[in-house]
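2 protein chains.
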Amino acid sequence: MTEVGERTSNQPGNSRVEESLGKPVDNLLTPALLLRRDALERNLERMKSLVTGPTRLRPHAKTHKSAQIASLQVQSGAIGITTATVWEALSLASAGIGDILIANEVVGAEKIRCLSEAARNARITVAVDNPANARDLSDSARCADVELGVVVDVDVGLGRCGVRSLHEGVALAKQIAELPGLLLRGVMGFEGHCTFEPDPKRRSRFAREAMSRLLQVADALEAHGQTVDVVSAGGTGTYDSTGSNPRVTEIQVGSYAFMDTSHAAIVPGFDYALTVLSTVVSRHGNTVVLDAGKKSLGLDDPPPSVVGHAAAVRYVAEEHTVLDFDSEVPALGASLELVPGYCPVTVNLHDLYLVVDDGVVVDAWPILARGAGWSSMR
Amino acid sequence: MTEVGERTSNQPGNSRVEESLGKPVDNLLTPALLLRRDALERNLERMKSLVTGPTRLRPHAKTHKSAQIASLQVQSGAIGITTATVWEALSLASAGIGDILIANEVVGAEKIRCLSEAARNARITVAVDNPANARDLSDSARCADVELGVVVDVDVGLGRCGVRSLHEGVALAKQIAELPGLLLRGVMGFEGHCTFEPDPKRRSRFAREAMSRLLQVADALEAHGQTVDVVSAGGTGTYDSTGSNPRVTEIQVGSYAFMDTSHAAIVPGFDYALTVLSTVVSRHGNTVVLDAGKKSLGLDDPPPSVVGHAAAVRYVAEEHTVLDFDSEVPALGASLELVPGYCPVTVNLHDLYLVVDDGVVVDAWPILARGAGWSSMR
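Chains A and B, in that order, give the protein sequences. Under numbering that gives the first Met the number 0, the first residue of the first sequence is numbered 0, with each subsequent residue one higher. Under numbering that gives the first Met the number 0, the first residue of the second sequence is numbered 0, with each subsequent residue one higher.
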């Protein structure tokens, strides 16, 4: 896996990216997405040290969309990688990631064809909640002469994708097990309605209730003679409860790698590895305007925080963030770093990470399959 | 300007984009950003027919980030183009747009150098609210042997960039007029705090109050012997009040070109030209899940609307939008089009428009300088 970085590093044809390499952080074009490598590695080690039971890590690449980071996660013991889209899966499979779960339904002939293409380079597992979709996956896998792993997606309370009943889950699993080209691997359920509950006890209770819905389906499948090798669930906010459930085989933690202001209070002890570097472009009394807004930071709720300053965020506009300082107002042209409110939507805005070691840019890692996915791929 | 499209059309090296050309809309990879050319052209004509006094149009490219659309706007009578960033300006100047106002402060040596670079290909005007920044612009213009037009940026109530007082504005204008390499062209003020006021009478009153602050500075400059050729202001929400003020020389309307759910009630009569095409990937009773969310649609507030369906948007997640239908629930795999809540942040997520004529994709137009701007440029 060591060659992942070498093969995909840097953006071709952009001299401004090349010129950033070797520069100190306060001498860069802004806005810029900075990734502190030491903080990232500490976060990977910390999650590894926290989840030590039978449950394994399958980190979610929707947070980072990076072959280099996925590779670091696999090197630090992850069982494989989770993706949100077939384009993330295709990109990571091409870059050498060997075991990928697409934790969403893949629908449409061309997308399913790409899924089978990814299965030539990696063990691919995909979530399914519909019989017609299962048949389409089977047809494509047979045509491409590959095997697609499948998990039955179970709605554990989020109300989005996933089968709604035990009966539906069992019938779908039975169908999948009989379809050529598909390998039934188990079940998946995402307790996304629990992960941001601020009270730890309530969060754990909600997550346990969600897992009991998922495990009821797993039990029923086994009672009907089906294999359940995989019980996949969890996010960073529920790593402790879902990740310590001995029947959950893997958790899809994502945000722990970078941390952000929406997760910091919920999951303490991780470092901020990702920031958006910005410049003071306007300054009036105690008010400062930065050149980074929704177009490089993502959402304004929760607001970003400012590294090293007790500044109040007045608002985040399209290209600006407006801050109020009590004292020590930064000068015009000063560099400030903002910790995003939510990293996955921030990363999705950018083309690359400037990787920082000891305050200096040491590499530029591309962000893969961002936006619509298919149209940003080369 | 007719060659703009030819020179920059399509994304190099992405066969999936090439394969989209000539296809009908319901046979495309999703999510996809669709631009209906006839609706775009109707919107450009409509704004032209609505603003017929001495005030001219300087459409804002932050909405579209497209050389092709900027070119259509100039062809339909716009006096020039407004941009939010130096990267948008540099991209459009390279593509042949001849008159560009950067309606924000440009701070930092390298960005200012790029501004002067853009001034080799186009008449460039930039907003300034700080004496030190004015000196830096002057130094760069002299070094590059170009002239940079400057407007004094006036805070008209938004509380972001812009001088805060008449005195400050007059002193800055006087300094600019004396600095070599700079040409004082007038004043600018953005009444962004008024544009989304839902009540038309209040919106007009607020906008008039904002313009009176801007015109006080213009009057004071003229009283001190300075030239005020440019009074630039306005957005789509205030095109009627600000655009009919005979002392405002140009309005920076942007969203009218595409329209979106945040502007539709405020500025009626424009067509939806931009949608995000999506596919039904999960279906449970009356609930449908689409494969487009915050990563291809942008913000969830205001929510998108569904073309041709009276569906209720339950929520917009990262990669999904969840809809409830009263009846006629679309089938798994069906295509639906979503009208974004706010187009500028939606466009910023994508690499290209699929341009649609008569239900068929006829071209792919690149989206320039998106995200951080500098890092997405080739």
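Virtual Cβ for every residue (Gly too), placed ideally from N, Cα, C. Since this is a predicted model, take the numbers as computed values, not measurements.
Amino acids of chain A, ordered along the chain, whose beta-carbon sits closer than 7 Å to that of residue i
i        : result
B:Pro30  : Ala371
B:His319 : Arg159
B:Lys293 : Val344
B:Ala131 : Leu331
Contact with chain B by residue i, beta-carbon distance below 9 Å
i        : result
A:Met46  : no
A:Val169 : no
A:Leu34  : no
A:Gln10  : Only weak support exists for where A:Gln10 lies, its pLDDT of 45 falling under 50; the value from the coordinates is given anyway. Yes, its Cβ sits closer than 9 Å to a Cβ of chain B.
A:Leu351 : yes
A:Thr84  : yes
A:Leu348 : yes
A:Arg134 : no
A:Thr7   : With a pLDDT of 37 at A:Thr7, under the threshold of 50, the predicted position of this residue should be treated as unreliable, and no value is reported.
A:Ala66  : no
A:Arg313 : yes
Other residues of its chain near residue i: CB distance less than 6 Å, five sequence neighbours each side excluded
i        : result
B:Ser115 : Ser139, Ala140, Ala143 and Val145
B:Gly191 : Leu157
A:Ser203 : Ser240
B:Gly97  : Ala121
B:Cys160 : Glu104, Asp128 and Asp152
B:Leu367 : Lys64 and Ser90
B:Ala421 : Any answer about residue 421 of chain B is impossible in this case: the structure gives chain B only from 0 up to 377.
B:Thr84  : Gly372
B:Asp228 : Arg184 and Gly185
A:Arg163 : Asp154
CB contact check: residue i to chain A, cutoff 9 Å
i        : result
B:Cys160 : yes
B:Gly4   : Because B:Gly4 carries a pLDDT of 38, less than 50, the predicted location of this residue cannot be relied on, and no value is offered for it.
B:Ser374 : yes
B:Lys173 : no
B:Ser231 : no
B:Ala117 : no
B:Leu20  : no
B:Gly191 : yes
B:Asp128 : yes
B:Val288 : yes
B:Asp362 : no
B:Asp154 : yes
Beta-carbon contacts of residue i that lie in its chain and below 7 Å, excluding the five residues immediately before and after
i        : result
B:Leu276 : Val24, Leu27, Thr29, Pro30, Ala31, Leu33, Ser334 and Glu336
A:Lys294 : Glu317, Glu318 and Leu348
A:Pro130 : Leu171 and Gln174
B:Ile111 : Val105, Asp135, Leu136 and Ser139
B:Leu196 : Note that residue 196 of chain B corresponds to Glu in the displayed sequence, not to Leu. Arg202 and Phe205.
8 Å contact criterion, which residue i and residue j should meet: CB distance rounded
i        : j        : result
B:Leu171 : B:Ala133 : 7 Å
B:Ala217 : B:Gly185 : 7 Å
B:Pro303 : B:Val315 : 7 Å
A:Ala92  : A:Asp270 : With a Cβ gap of about 30 Å, A:Ala92 and A:Asp270 do not count as contacting.
A:Leu165 : A:Gln225 : Not quite, the Cβ-Cβ distance comes to about 13 Å (not below 8 Å), so this is no contact.
A:Val306 : A:Val355 : About 12 Å separates the two Cβ atoms, so there is no contact after all.
B:Gly148 : B:Leu178 : Not a contact, Cβ separation roughly 12 Å.
A:Cys342 : A:Ser254 : 6 Å
B:Ala272 : B:Arg35  : 5 Å
A:Ala69  : A:Ile101 : Not confirmed; about 14 Å, so no contact.
B:Gly107 : A:Thr320 : Contact flag wrong, Cβ pair sits at about 16 Å.
B:Lys22  : B:Val312 : With a Cβ gap of about 27 Å, B:Lys22 and B:Val312 do not count as contacting.
Contact set between residue i and chain B, taken where Cβ atoms lie within less than 7 Å
i        : result
A:Gly332 : Val106 and Gly107
Contact set between residue i and chain A, taken where Cβ atoms lie within less than 9 Å
i        : result
B:Arg163 : His283 and Gly284
B:Val16  : Trp373 and Ser374
B:Lys61  : Lys294, Glu317 and Glu318
B:Asn244 : Residues of chain A passing the Cβ test: none, with the nearest at roughly 24 Å.
B:Leu42  : For the record, residue 42 of chain B in the displayed sequence is Asn; it is not Leu. Those within 9 Å of B:Asn42 in chain A number zero; the least Cβ separation is about 20 Å.
Interface partners of residue i on chain B, CB under 9 Å
i        : result
A:Thr278 : Val106, Gly107 and Lys110
A:Asn120 : Those do not exist, as A:Asn120 stays about 18 Å from chain B at its closest Cβ, beyond 9 Å.
Chain-order list of residues whose beta-carbon lies under 8 Å from that of residue i (same chain, five-residue window excluded)
i        : result
A:Gly370 : Asn347
B:Gly340 : Asp259, Thr260, Ser261, Leu296, Gly297, Leu298, Asp299, Asp300, Pro301, Pro302 and Pro303
Neighbour list for residue i in chain B, Cβ cutoff strictly below 8 Å
i        : result
A:Leu298 : Lys293 and Leu298
Touching or not, the stretch 249 to 267 of chain A and the stretch 277 to 296 of chain A, by the rule of three or more beta carbon pairs under 8 Å? no
Contact between the stretch 233 to 250 of chain B and the stretch 12 to 32 of chain B (3+ Cβ pairs under 8 Å): no
The stretch 55 to 64 of chain A / the stretch 343 to 361 of chain A touching (three or more Cβ pairs under 8 Å): With contact defined as three or more Cβ pairs closer than 8 Å, the stretch 55 to 64 of chain A and the stretch 343 to 361 of chain A are in contact.
Segment contact flag, the stretch 77 to 94 of chain A with the stretch 43 to 58 of chain A, C-beta cutoff 8 Å, min 3 pairs: yes
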